[in-house]
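Student: What follows is a structure written as structure tokens; I'll ask about it next.
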Amino acid sequence: MERPKHQGMAKNTYMRWRLPLVCLLWEVAMIVLFGVFVRFGPEADAHWEEEKQKKNITSDIENDFYFRYPSFQDVHVMIFVGFGFLMVFLKRYGFGAVGFNFLLAAFGIQWALLMQGWFHSFENGKILIGVENLINADFCVGSVCIAFGAILGKTSPIQLLIMTLFQVTLFAVNEYILLNLLHVKDAGGSMTIHTFGAYFGLTVTCILYRPNLEQSKDKQGSVYHSDLFAMIGTLYLWMYWPSFNSAVSEHGDAQHRAAINTYCSLAACVLTTMAFSSMLQKKGKLDMVHIQNATLAGGVAVGTSAEMMLTPYGALIVGFISGIVSTVGYVYLTPFLESRLHIQDTCGIHNLHAMPGLIGGIVGAITAAAATEDVYGKEGLIKAFDFTGPYQTRTPSVQGGFQAAGIVVSLLMAFAGGALVGAILKLPIWGDASDENCFEDDIYWEVPEDEESDVYHMHNPDKAASP
Amino acid sequence: MERPKHQGMAKNTYMRWRLPLVCLLWEVAMIVLFGVFVRFGPEADAHWEEEKQKKNITSDIENDFYFRYPSFQDVHVMIFVGFGFLMVFLKRYGFGAVGFNFLLAAFGIQWALLMQGWFHSFENGKILIGVENLINADFCVGSVCIAFGAILGKTSPIQLLIMTLFQVTLFAVNEYILLNLLHVKDAGGSMTIHTFGAYFGLTVTCILYRPNLEQSKDKQGSVYHSDLFAMIGTLYLWMYWPSFNSAVSEHGDAQHRAAINTYCSLAACVLTTMAFSSMLQKKGKLDMVHIQNATLAGGVAVGTSAEMMLTPYGALIVGFISGIVSTVGYVYLTPFLESRLHIQDTCGIHNLHAMPGLIGGIVGAITAAAATEDVYGKEGLIKAFDFTGPYQTRTPSVQGGFQAAGIVVSLLMAFAGGALVGAILKLPIWGDASDENCFEDDIYWEVPEDEESDVYHMHNPDKAASP
Amino acid sequence: MERPKHQGMAKNTYMRWRLPLVCLLWEVAMIVLFGVFVRFGPEADAHWEEEKQKKNITSDIENDFYFRYPSFQDVHVMIFVGFGFLMVFLKRYGFGAVGFNFLLAAFGIQWALLMQGWFHSFENGKILIGVENLINADFCVGSVCIAFGAILGKTSPIQLLIMTLFQVTLFAVNEYILLNLLHVKDAGGSMTIHTFGAYFGLTVTCILYRPNLEQSKDKQGSVYHSDLFAMIGTLYLWMYWPSFNSAVSEHGDAQHRAAINTYCSLAACVLTTMAFSSMLQKKGKLDMVHIQNATLAGGVAVGTSAEMMLTPYGALIVGFISGIVSTVGYVYLTPFLESRLHIQDTCGIHNLHAMPGLIGGIVGAITAAAATEDVYGKEGLIKAFDFTGPYQTRTPSVQGGFQAAGIVVSLLMAFAGGALVGAILKLPIWGDASDENCFEDDIYWEVPEDEESDVYHMHNPDKAASP
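Chains as they are written, first to last, in my numbering: chain D, 1 to 467; chain E, 1001 to 1467; chain B, 2001 to 2467.
As structure tokens, then:
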């Protein structure tokens, strides 16, 4: 790759001391904080043997591990392979996509265990963790992976770690406001994960606007095999989304229902995505960008309502609409956002997470407001919306109002938080690449020489002779 | 890719209005039908809280979700990643393989929920669905994915959607005849999925015979990386096949046994495949086509009998034989079928699904006929073959006879259905490619420019200079 | 690929009769031995219906299948996709990596079911198998996959099958000594799988030393896409490692705890790996070799202690250290081992499995020795270390001593066994490649012509004209 580089505004992307320092210091901080705060929850502690007797639990299978561990593993795959490979579509940024996603998620889950733990699992000065905490930490990091999609290829690993630190913190605050103060239901995270994560990322990328990014335009596309790698990410997200939306729902019918609704919504979404992908192109050909992304919008858009009695046909309708919205977004909105609003959204998260996330919040509010004892049963309604304790007297329509408020809060947190973090990331000390080096792995990675050039030299004796 | 195309018999492959129309109309039909018919089953409905009390169920873990959801997710991966990537082996048809598989499966599962629902889960005018229905819908679509393998690269997405519509319908009818009228056991679908799906697809491809297909012969092969992508499909099918064959078996020992038998059969199959792949080549080298496909024949061939008391060594024997049959089929039978019977079988489904499916049906019939109270226990035998109600007096040997009848019915349905559907697909209005454009993504897909040609131009100043 | 080959010391790599013979004979032997010895365990046998009544088991969900099957499938993916694709990083050995791994693992699990069965599940002359046996067989084969990493690219498939036969045998003996005679805990196999497997493989590769291996140096590297394929392997190993370390732990809190500890350790490991990968390179760039491998050391290093009360911060510390040790090993130790000790370790298993395995054994011994009734509870301590029957009076500190002894035994078995097997493999009759043909698929595989050369010919009319 001896391609001459336009070094007009070369930047210092040297990571040798900065990146190790940040990684090591932060990991040491994690160890100290875990040492002070984090312990096993009762179902993961060796005392469970006694706990079982106390609580009259007759079988080990009642351990929450067996209710949630399979879903946890699916969610785990979505975060690391799903998001990681979905972003491998760029022709020369595969290492960065999958590698930096790995780095930020591995850090993020530790910090999320702490932040979410302080808000939700704090007892007698200790955070008690179990499998549900692992899932929630993965969820929290999911919102960072989403934001990463907007700034993919344009930031240094240090910037990503800093963003992760702040975003996880803000996520936990927002989640606390929604789930605990507003008593909102959002098991699949349409609001807390997708709406928040996407608008946060879009605000950050807007502040980090690069007017001369067309200098690396040739690297913003895909190649044949990178599109196939990206399909691995797409399919794992698509297949495991029913686990995502059901992973932290109540045991029993709620988990069951959430999986079915999500399955239906995603299936419908594929058909409308294909339809509009073909329809919106002059030549009528399908575009891999849409197939890789818009097919997933159906999962995002039932994130809030999946565990409710949305019904399978309701889920189909949501999937139908979100596939259209998302695909249309890729064709018309993304170019508009870039040219008019200076929002350079590498992966199009506005189409995949932001708009479908809003749809999800709204559908959730409507579904909650429309809930009746007839549909849920008396006890079912109480269980589904947790109308107990201080919320004993809340009615479905009031719940719908609070759900709607949750959307607004998530948006405000995203804009404010994104602006703050964007400003921090704009400081010229984090080692981001110059405009002409964006979307290029060899700034931060040792990149092997290419197979293709080997082959070339092999077949071309003249060239091979003059090294 | 400025390669001149032989446009002698150019066809109209323009999808812009046809594909969107079909997708949108059909999806609207799904929504309407789901709205009229589909509701949550009792274990996914919010009324389950009351249901539990009525039925004296003390723990949420008794919900069928926890018995079957992990298997469901594995099956889901097999359908979308397994079949999708297995077919990516073609050098320039990766988008079509994984993308069209995605499209047809996403449509197919919705239609299968309806069709199978009317036959099996219809109560008081409603189809009540739960996780087992999702698995069965995936199974049904599996048979379409198999048929897709025969016509891979030669059909338009509209043809695939039409085939899916009909095949799912016929699958459901055939399944109803086997499971309900003949009271046959076929948990892993050797007959209903593999035999039916494969002979259906082979009949279709026979009717769609293209005498001049050698015009696209150069595109029918693989390249190094496409073979590695295909191995992802192979391995996920291979690894998760124990889940496939056990997913809808009875709770408890039957699921457990089905997984073990399948594990054993598949392990044996790998060794005989490798042996014959090397033995049947003059140079003694292994062929990726065999490794990618014939290693899976062991899973197909225990599809019916896995949940029975086949025993681990019985499973080894079945795997041993089916690996050999399948590999020999690839070497000798596929060329014969093409040249003599005009059956152009792109993926060799005759070797991977048709013959092993027949073996599976036969092994199932024999295993059922050989069942004794000694081996199963009195209650075990009744439970294993569901010898209850009207079937109380059926003996194992009679059951074996019905099992054999199931094979014949599946074959007849496949030939008749395939002939019908093939005739419909032969109409010249569906936008399939001309012979020289088969196995080529850029008919239906926006294909990115190649990395390779970039590299070429980069290293070759002359070429680069004259754009 | 008409590259001229230096045929100075050409070897006979013709597999046509040798490989089929070995595969078929051994598979027949498996069938005979399974026929004589292997039967379904009580929970997979149709008699379970009666067994349930006898043992007063009220629900099918109590079947061990539901406790362990999801973990089993994750482990299965680790063995076949995880190890298989991790080794695909070599530019021209992808077929061999994933294909031979498939072959040896498929044979190995059958032989492991027998060997481990005779030692652990032998009752009344029969080996009774269930899902736990399948997991243990996969574990056993895992140690062979590890050893394969050391000799990757330098051995024939026959050598690999012979190594598998012996290594599985020795694994089972070593495991029996540790688990039954020393009564050591090692659920995630730091000692039995990683320490044993790695030092075994390193001994073998030392004996098979090739002084002129630099003749194939150009093929020992990766290319861009092969590194991305390898990341699929890495991520599946990383994500599913919590299942690996918890798969055979006691039901309930032990499985739950093992998953949490492993999750934490792996997360920490990623950060220190990234830190040191950047720090140890002059240019400060990240190296894919480290990211692909050293990020996994944290899973290896908590293999023994994960099910103990290691605590989340303890796990973070272990992950922190092992990421550093492993990365430093890749940079400094691997070259040293090759130049001074004649240990040619293709995948660097010394850094990923040997050293972290030792750390794992030591951490396990310390954690066991430090166990108290206060931390575990009275019953919890007995359950955690199985201080029952003849071990009723064993104290934690004595247990720690035995754990340490387990490390030593595993090392001795590995060295002795590796020396023996290495000597056998050195015989000149197994068809291994000559030095200049190592790391090259086309010795043993039909390799498709390259896409790249197609493209080249297409764009270069002169060349294409003269075939």
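Every residue, glycine too, gets a C-beta built ideally from N, C-alpha and C.
Run through chain F and tell me which residues come within less than 8 Å of LEU103 (chain D), C-beta to C-beta.
Tutor: Of the protein chains in the structure, D, E and B, none is chain F.
Student: Nearest chain D C-beta to GLY2188 (chain B) closer than 7 Å, yes or no?
Tutor: The residue you call residue 2188 (chain B) lines up with position 188 of the third sequence. So, not an interface residue.
Student: Pull up the DSSP beta-bridge partners for TRP1445 (chain E), would you.
Tutor: Numbered from 1 along the second sequence, position 445 holds the residue referred to as residue 1445 (chain E). TRP1445 (chain E) pairs with D:LEU286.
Student: Using only CA atoms, which one of E:VAL1173, E:ILE1031, E:TYR1444 and E:PHE1085 lies nearest to ALA1414 (chain E)?
Tutor: Walking along the second sequence from the start, residue 1414 (chain E) turns up at place 414. Nearest option by C-alpha distance: E:VAL1173.
Student: How about ILE343 (chain D) and LEU182 (chain D): are their beta carbons less than 7 Å apart?
Tutor: Counted from its first residue, the first sequence places residue 343 (chain D) at position 343. Counted from its first residue, the first sequence places residue 182 (chain D) at position 182. In this structure, LEU182 (chain D) does not lie closer than 7 Å to ILE343 (chain D) by Cβ.
Student: Tell me, please, whether the CB atom of ALA2046 (chain B) is closer than 7 Å to any CB atom in chain E?
Tutor: Taking the first residue of the third sequence as position 1, residue 2046 (chain B) is located at position 46. Chain E contact via Cβ: present.
Student: Go through its chain and collect everything with a Cβ distance to TRP2111 (chain B)'s Cβ below 6 Å, but skip five positions before and after it.
Tutor: Start at 1 with the first residue of the third sequence, and residue 2111 (chain B) comes out as number 111. VAL2168.
Student: Output needed in chain order: residues of the region 149–164 of chain D with a Cβ under 7 Å from some Cβ in chain B.
Tutor: Residues: none.
Student: If ASN1245 (chain E) and THR1272 (chain E) are in contact, beta carbons under 8 Å, what's the gap, nearest whole angstrom?
Tutor: One-based indexing of the second sequence puts residue 1245 (chain E) at position 245. One-based indexing of the second sequence puts residue 1272 (chain E) at position 272. With 8 Å as the limit, ASN1245 (chain E) and THR1272 (chain E) do not qualify as a contact, their Cβ atoms being about 19 Å apart.
Student: Measure from the alpha carbon of HIS353 (chain D) to the alpha carbon of each residue in D:PHE37, D:ALA147, D:LEU90 and D:TYR332, then state which is nearest.
Tutor: Working through the first sequence from its first residue, we reach residue 353 (chain D) at position 353. It is D:ALA147.
Student: Can you tell me where the beta strand (DSSP E) holding VAL1126 (chain E) begins and where it ends?
Tutor: As a first step, residue 1126 (chain E) must be located in the second sequence, where it is residue number 126. As written in the sequence, residue 1126 (chain E) is Lys, which differs from the Val given in the question. Note, LYS1126 (chain E): beta strand (DSSP E), 1126–1129.
Student: Excluding the five sequence neighbours on either side, which residues of its own chain have a C-beta within less than 6 Å of the C-beta of ASN2351 (chain B), listed in chain order?
Tutor: Within the third sequence, residue 2351 (chain B) is the residue found at index 351, counting from 1. Closer than 6 Å at the Cβ level, and outside the excluded window around ASN2351 (chain B), lie SER2326, GLY2329 and TYR2330.
Student: Is PHE200 (chain D) near GLY417 (chain D), with beta carbons less than 7 Å apart?
Tutor: Taking the first residue of the first sequence as position 1, residue 200 (chain D) is located at position 200. Taking the first residue of the first sequence as position 1, residue 417 (chain D) is located at position 417. Cβ distance < 7 Å, so PHE200 (chain D) and GLY417 (chain D) count as in contact.
Student: Give me the residue from D:PHE89, D:HIS290, D:SER143 and D:PRO157 with the minimum Cα distance to LEU21 (chain D).
Tutor: Stepping through the first sequence from its first residue, residue 21 (chain D) is reached at position 21. Ranking D:PHE89, D:HIS290, D:SER143 and D:PRO157 by Cα distance to LEU21 (chain D) puts D:PRO157 first.
Student: Given that a residue counts as buried once 16 or more other Cβ atoms are within 10 Å of its Cβ, and exposed if not, what is THR372 (chain D)?
Tutor: Residue mapping note: residue 372 (chain D) aligns to position 372 of the first sequence, counting from 1. Classification of THR372 (chain D): exposed, given that the 10 Å Cβ count is below 16.
Student: Among residues of its own chain, excluding the 5 on either side of MET231 (chain D), which ones have a beta-carbon nearer than 7 Å to its beta-carbon?
Tutor: On the first sequence, residue 231 (chain D) is found 231 positions in, with the first residue counted as 1. Once the five neighbours on either side are set aside, the close Cβ partners of MET231 (chain D) are GLN292.
Student: Give the DSSP-derived three-state secondary structure of VAL2302 (chain B) in the structure shown.
Tutor: In the third sequence, the residue the question calls residue 2302 (chain B) occupies position 302. VAL2302 (chain B): coil per DSSP, three-state reduction.
Student: Compare the C-beta of MET15 (chain D) against all C-beta atoms of chain B and say whether one is closer than 7 Å.
Tutor: Taking the first residue of the first sequence as 1, we reach residue 15 (chain D) at position 15. Yes, MET15 (chain D) lies at the interface with chain B (some Cβ there is under 7 Å from its Cβ).
Student: Just to check my reading of the structure: LEU425 (chain D) and GLN215 (chain D) have Cβ atoms closer than 8 Å, yes? What is that Cβ distance to the nearest angstrom?
Tutor: For the purposes of this step, residue 425 (chain D) is taken as the residue at position 425 of the first sequence. For the purposes of this step, residue 215 (chain D) is taken as the residue at position 215 of the first sequence. No, LEU425 (chain D) and GLN215 (chain D) are not in contact; Cβ-Cβ is about 20 Å, not under 8 Å.
Student: Listing by chain order, which chain B residues have their CB less than 8 Å from the CB of ARG1257 (chain E)?
Tutor: What you label residue 1257 (chain E) is simply residue 257 of the second sequence in a count that begins at 1. Residues of chain B passing the Cβ test: PHE2040, ALA2044, ASP2045 and ALA2046.
Student: Going by Cα to Cα distance, which pick from B:VAL2409, B:GLU2449 and B:TYR2444 is closest to ILE2177 (chain B)?
Tutor: Taking the third sequence and counting its residues from 1, one reaches residue 2177 (chain B) at position 177. That would be B:VAL2409, whose Cα lies nearest to the Cα of ILE2177 (chain B).
Student: Suppose contacts are defined by Cβ-Cβ distances below 7 Å. Is TYR240 (chain D) in contact with VAL81 (chain D) by that definition?
Tutor: As a first step, residue 240 (chain D) is located in the first sequence; it is residue number 240 there, counting from the start. As a first step, residue 81 (chain D) is located in the first sequence; it is residue number 81 there, counting from the start. No, the Cβ-Cβ distance between TYR240 (chain D) and VAL81 (chain D) is not below 7 Å.
Student: List the endpoints of the continuous beta strand (DSSP E) containing ARG39 (chain D).
Tutor: The residue given as residue 39 (chain D) occupies position 39 in the first sequence. Element bounds for ARG39 (chain D): 38–40.
Student: Determine which residues share a DSSP beta bridge with PHE2473 (chain B) and list them.
Tutor: This structure does not reach residue 2473 (chain B), given that chain B is present from 2001 up to 2467, and the question cannot be answered.
Student: On the criterion of 16 or more Cβ atoms from any shown chain inside 10 Å, does ASP374 (chain D) qualify as buried, or is it exposed?
Tutor: As a first step, residue 374 (chain D) must be located in the first sequence, where it is residue number 374. So ASP374 (chain D) ends up on the exposed side.
Student: Can you list, in chain order, the residues of its chain with a C-beta nearer than 8 Å to that of ARG39 (chain D)? Leave out the 5 residues immediately preceding and following it.
Tutor: For the purposes of this step, residue 39 (chain D) is taken as residue 39 along the first sequence, with counting starting at 1. Cβ within range, chain order: ASP45, LYS126, ILE127, LEU128 and ILE129.
Student: Listed from N- to C-terminal order along the chain, which residues in the region 217–228 of chain D have their beta-carbon within a distance smaller than 7 Å of any beta-carbon of chain B?
Tutor: Hits within the stretch, in order: HIS225.
Student: Starting from ASN1063 (chain E), find everything on chain D with Cβ-Cβ shorter than 9 Å and list it in chain order.
Tutor: Working through the second sequence from its first residue, we reach residue 1063 (chain E) at position 63. Correct list: HIS251, GLY252, ASP253, GLN255 and HIS256.
Student: Hey, would you say ASN2437 (chain B) sits closer than 7 Å to ILE2429 (chain B), going by beta carbons?
Tutor: Taking the third sequence and counting its residues from 1, one reaches residue 2437 (chain B) at position 437. Taking the third sequence and counting its residues from 1, one reaches residue 2429 (chain B) at position 429. No, the Cβ-Cβ distance between ASN2437 (chain B) and ILE2429 (chain B) is not below 7 Å.
Student: Got a sec? Which residues, its chain only, sit under 6 Å from GLU2449 (chain B) by beta carbon, not counting five neighbours each side?
Tutor: Taking the first residue of the third sequence as position 1, residue 2449 (chain B) is located at position 449. Correct list: empty, nothing qualifies.
Student: Using the three-state DSSP reduction, which class does SER2156 (chain B) fall into: helix, strand or coil?
Tutor: In the third sequence, the residue the question calls residue 2156 (chain B) occupies position 156. Correct three-state label for SER2156 (chain B): coil.
Student: Could you give the residue range of the alpha helix (DSSP H) that holds THR2334 (chain B)?
Tutor: Position 334 of the third sequence, counted from the start, is the residue given in the question as residue 2334 (chain B). It spans 2334–2341 - the alpha helix (DSSP H) in which THR2334 (chain B) sits, taken as one unbroken run.
Student: Taking the Cβ atom as the reference point for each residue, do GLY348 (chain D) and CYS269 (chain D) lie within a distance shorter than 7 Å?
Tutor: If you number the first sequence from 1, residue 348 (chain D) lands on position 348. If you number the first sequence from 1, residue 269 (chain D) lands on position 269. For GLY348 (chain D) and CYS269 (chain D), no; Cβs fall outside 7 Å.
Student: Tell me which residue opens and which closes the alpha helix (DSSP H) that ASP2227 (chain B) is part of.
Tutor: For the purposes of this step, residue 2227 (chain B) is taken as the residue at position 227 of the third sequence. Looking at the DSSP string, the run of the alpha helix (DSSP H) that includes ASP2227 (chain B) is 2224–2246.
Student: So what's LEU2090 (chain B) in DSSP terms, helix, strand or just coil?
Tutor: Position 90 of the third sequence, counted from the start, is the residue given in the question as residue 2090 (chain B). Strand at LEU2090 (chain B).
Student: How is the alpha helix (DSSP H) around ALA371 (chain D) delimited, first residue to last?
Tutor: The residue labelled residue 371 (chain D) in the question sits at position 371 within the first sequence. It is not in any alpha helix (DSSP H) - ALA371 (chain D) carries neither H nor E in the DSSP assignment.
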